[in-house]
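Visitor: Chains as they are written, first to last, in this note's numbering: chain H, 1 to 111; chain R, 1 to 112.
Idealized CB from N, CA, C, for every residue including glycine.
No experiment lies behind these values; they were computed from the predicted model shown.
Please find one structure pasted underneath; my questions will follow.
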């Protein structure tokens with residue numbers, strides 16, 4: 001069945017460091033791909049999305065490119081801030097409108 | 001604000017009890033999803049409803065049940081509660097298009 005695999009955490013970075021969180025997926029058809037962010041004590045919020053191959057989603061300095069050939073949707077940010085500390089979830093929505101989430105990657109950014 | 005409302009925000013109850021969690025989806029969203037998030041299990045899909053009908057089931061225990069009403073709000077019923085049921089329960093809603101799901105703030109259930 002469909003699934004999402006993302007990089008295990010936790011990840012700790014210094015402020016202004018480069019961030020990559022890897023995400024790969026398994027799906028039939030052409031799913032939509034998402035990154036969600038969860039701040040402490042809150043629900044999941046959409047960070048960015050891509051609905052077809054080669055699309056690049058971007059928001060708040062984060063970006064991810066839908067790579068069908070490698071079935072990947074890696075999250076990147078060039079310079080992280082303390083306020084980016086959160087848990088990040090990669091997810092896909094399949095053609096049957098089911099959502100599949102990765103296990104989440106906890107990011108802590110230290111000043 | 002995602003537009004998805006969950007009540008209550010916090011719930012503390014004893015083992016063996018039964019509770020009901022409520023979710024109001026965004027206006028116009030026909031699909032409702034329920035998820036359980038615990039520290040060691042990540043985000044677990046429980047069940048999905050679409051326009052009042054059950055659409056998909058995930059790792060939902062037999063002690064748990066859900067329904068979606070004609071006004072599209074949904075309730076998740078948890079019975080014979082155990083300590084291990086303590087978790088955050090999230091509701092999400094979406095439209096039947098190729099778009100994202102919108103999450104509520106969650107209900108934190110503590111079973112003592």
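1) At a Cβ threshold of 8 Å, is residue 46/H touching chain R?
2) Show which residues of chain H have a CB atom less than 8 Å away from the CB atom of residue 103/R.
3) Taking 8 Å as the CB-CB limit, is residue 28/H close to chain R?
4) Is it a yes or a no for the region 61-74 of chain H touching the region 62-69 of chain R, going by three-plus beta-carbon pairs under 8 Å?
5) Report the option in 100/H, 16/H, 111/H whose CA atom is closest to the CA atom of residue 76/H.
6) Counting only Cβ pairs nearer than 7 Å, list the residues of chain H close to residue 100/R.
7) Counting only runs of 3+ residues fully inside the region 19-63 of chain R, write out the beta strand (DSSP E) ranges in chain order.
8) I need the boundaries of the beta strand (DSSP E) containing residue 36/H, first residue and last residue.
9) Since residue 49/H sits in a beta bridge, which residues does DSSP pair it with?
10) Please classify residue 31/H: is it buried, with 16 or more other beta-carbons within 10 angstroms of its beta-carbon, or exposed?
11) What are the boundary residues of the beta strand (DSSP E) that includes residue 108/R?
12) Chain H beta carbons: is any one of them nearer than 8 Å to that of residue 56/R?
13) With respect to 7 Å, is the separation between the Cβ of residue 69/R and the closest non-hydrogen atom of the ligand GTP below this value?
14) Give a yes or no on whether 8 Å exceeds the smallest Cβ distance from residue 81/H to chain B.
15) Applying a beta-carbon distance threshold of less than 9 Å, which residues of chain R neighbour residue 62/H?
16) Judging by CA-CA distance, which residue of 30/R, 5/R, 14/R is the nearest neighbour of residue 96/R?
17) List the residues that DSSP assigns as beta-bridge partners of residue 77/H.
18) Along the region 81-104 of chain H, where does the CB come closer than 9 Å to a CB of chain R? Name the residues.
19) Between which two residues does the beta strand (DSSP E) holding residue 67/H run?
20) Provide the residue span of the beta strand (DSSP E) that contains residue 10/R, from first to last.
21) So residue 44/H packs on residue 103/R, CB below 8 Å; how close in whole Å?
22) State whether the region 48-66 of chain R contacts the region 84-95 of chain H, with contact taken as three or more CB pairs (one from each stretch) at a distance under 8 Å.
23) Report yes if the C-beta distance between residue 94/R and residue 100/R is below 8 Å; otherwise report no.
Guide: Judging by the given coordinates:
1) Closer than 8 Å: yes.
2) At a beta-carbon threshold of 8 Å, the residues of chain H lying near residue 103/R are 36, 43, 44, 45, ordered along the chain.
3) Answer no: the Cβ-Cβ gap between residue 28/H and chain R never drops below 8 Å.
4) The region 61-74 of chain H is not in contact with the region 62-69 of chain R.
5) Per the Cα distances, 16/H.
6) Going along chain H in sequence order, the residues near residue 100/R (Cβ under 7 Å) are 34, 46, 49.
7) 19-24, 31-38, 42-50, 53-57, all fully within the region 19-63 of chain R.
8) Bounds of the beta strand (DSSP E) holding residue 36/H are 32-38.
9) Residue pairing by DSSP places residue 49/H opposite 34/H in a beta bridge.
10) The residue is buried, with at least 16 neighbouring Cβ atoms inside 10 Å.
11) Where residue 108/R is concerned, the enclosing beta strand (DSSP E) stretches over 107-111.
12) Interface residue, yes.
13) The model depicted lacks the ligand GTP and carries no ligand whatsoever.
14) You won't find chain B in this structure, because its protein chains are H and R.
15) One finds nothing in chain R with a Cβ atom closer than 9 Å to the Cβ of residue 62/H; even the nearest lies about 15 Å away.
16) Taking only the C-alpha atoms, the option nearest residue 96/R is 30/R.
17) Looking at the DSSP assignment, residue 77/H forms a beta bridge with 19/H, 62/H.
18) Cβ contacts with chain R come from 89, 91, 93, 95, 96, 97, 98, 99, 100, 101, 102, 103, 104.
19) Counting along the chain, residue 67/H falls outside any beta strand (DSSP E), and DSSP gives it neither H nor E.
20) Segment 10-13, the beta strand (DSSP E) holding residue 10/R.
21) Contact holds; Cβ gap of about 4 Å.
22) With a cut-off of 8 Å, the region 84-95 of chain H and the region 48-66 of chain R do not count as touching, because too few Cβ pairs lie within range.
23) Their beta carbons are under 8 Å apart, which means residue 94/R touches residue 100/R by this criterion.
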